[in-house]
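Have a look at the structure below, then the notes.
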Amino acid sequence: MNEPGNIERIYILDGGIAEVDDASIYSPGVNVGVPMRLSCNAYLIRHRSGWLLWDTGTQDDLVAEPDGRIMAHGIRAKVHKTIASQLADIGVRPDEIGTLVISHAHYDHVGNCRLFRKAKWIVQKAEYEAMFGPAPDRFGYLPELYSMLDDNPTELVEGDHDIFGDGTVRMIATPGHTPGHCSLLVRLPKTGPVLLSGDIAHDCGNYRCRCVPSFNVDSFATVASMEKVDALLRAEGAKLWINHDIAQSATLAHAPSWIE
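When you line the sequence shown up against UniProt numbering, it's residues 1 to 260, in that order.
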């Protein structure tokens with residue numbers, strides 16, 4: 001089943017900026033000692049049945065810290081626009097978001113989970129077990145950012161998953177960066193299919209060269225997931241939106257504008 005008319009539009013939300021002094025943490029042996037800035041986006045999707053939020057960005061309270069804060073893996077996080085204020089500009093209250101999906105549990109993807117206490121949370125079982133298991137710090141997770149999700153209505157899934165049952169929004173299992181990392185395939189009414197990358201790669205160059213960040217949990221699974229995404233892009237004729245590629249992100253309309 002594929003009902004593209006069930007998706008109306010997508011908003012790209014500014015979820016902060018990440019800065020590193022050494023870009024080679026994303027591409028070992030390449031760009032050693034070169035500083036790098038990364039976009040951190042969240043995505044609000046309007047489906048005929050309601051709102052879905054993919055990732056939640058960097059925590060809003062960092063807007064009060066102009067110099068940002070080192071969060072994990074030596075990455076400095078900065079926030080210039082809060083997710084809450086961007087939702088308000090669109091005219092959407094956090095409690096109106098019925099479905100929450102995260103690519104994985106690093107700080108820049110789960111930073112504002114506390115805003116969405118009524119949403120149904122759909123999560124890969126492997127990611128859930130890493131988040132709430134005995135050693136979340138092993139994966140660079142900060143449980144204080146997402147622990148409240150354990151009180152949300154929760155659906156655990158394994159592998160690819162059709163979120164609305166109509167083929168318009170599909171979780172694509174892409175483990176390797178973290179145990180249960182996933183990407184999201186969205187069929188937009190005018191743009192066509194778009195694959196939201198999560199952290200399958202951190203920019204277009206690293207994706208092309210199959211670079212594996214030094215802090216990924218499984219390098220072989222990471223490359224296999226990139227190959228899976230490549231095959232999916234070809235089969236679907238889909239565009240790849242790489243979340244952290246700041247140059248690519250700058251070419252796309254951001255909220256309160258939308259993309260159909």
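Note that the Cβ used here is the ideal one computed from N, Cα and C, for glycine as well.
- Here DSSP, grouped into helix, strand and coil, assigns Ala250 to coil.
- In the three-state DSSP reduction, Ser183 falls in the strand class (E or B).
- Nearest to Ile172 by C-alpha distance, out of Asp150, His104, Cys211 and Gly192, is His104.
- Counting only the Cα atoms, His73 lies some 12 Å from Ala23.
- Counting every other CB atom within 10 Å of its CB across the protein chains shown gives Cys209 a total below 16, marking it as exposed.
- Proximity to Asp160 across Met131, Leu232 and His106 peaks at Leu232, based on C-alpha coordinates.
- Excluding sequence positions up to five before and after Arg9, its CB lies within less than 6 Å of the CB of Arg46, Trp258 and Glu260, all in the same chain and listed in chain order.
- The alpha-carbon separation between Asp245 and Ser49 amounts to approximately 31 Å.
- For Ser27 and Arg187, the gap between their C-alpha atoms comes out near 31 Å.
- In the DSSP secondary-structure assignment, Arg9 is bridged to Arg46.
- Check the Cα spacing between Trp54 and each of Arg170, Asp89, Ile90 and Met148: the tightest is with Arg170.
- Here Thr82 is buried, its C-beta having at least 16 other C-beta atoms within 10 Å.
- Inside the segment 186-225, DSSP marks whole alpha helix (DSSP H) runs of 4 or more residues at positions 204-209, from first to last along the chain.
- Secondary-structure assignment with DSSP links His161 through a beta bridge to Met171.
- Checking the DSSP bridge columns, you'll see Trp258 has no partner listed.
- Taking 9 Å as the cut-off, the Cβ atoms of Ile122 and Thr174 do not count as close.
- If you draw a straight line from the Cα of Gly237 to the Cα of Gly15, it comes to about 27 Å.
- A Cβ-Cβ contact shorter than 9 Å links Ile102 with Cys113.
- For Asp21, same chain residues with a beta-carbon under 6 Å away, outside a window of 5 residues either side, are Pro35 in chain order.
- In this structure, Lys239 is the residue among Cys211, Ala221 and Lys239 with its C-alpha nearest to the C-alpha of Pro193.
- Here DSSP, grouped into helix, strand and coil, assigns Val101 to strand.
- A Cβ-Cβ distance of about 7 Å is found for the pair Cys211 and Val30, placing them in contact under the 8 Å criterion.
- Taken in chain order, the complete alpha helix (DSSP H) segments of 4 residues or longer contained in the segment 91-156 are 107-110 and 125-131.
- For the 9 Å CB-CB criterion, Ile163 and Ile200 do not form a contact.
- If you draw a straight line from the Cα of Leu185 to the Cα of Thr168, it comes to about 8 Å.
- For Ala238, the three-state secondary structure derived from DSSP is coil.
- For Ser85, the three-state secondary structure derived from DSSP is helix.
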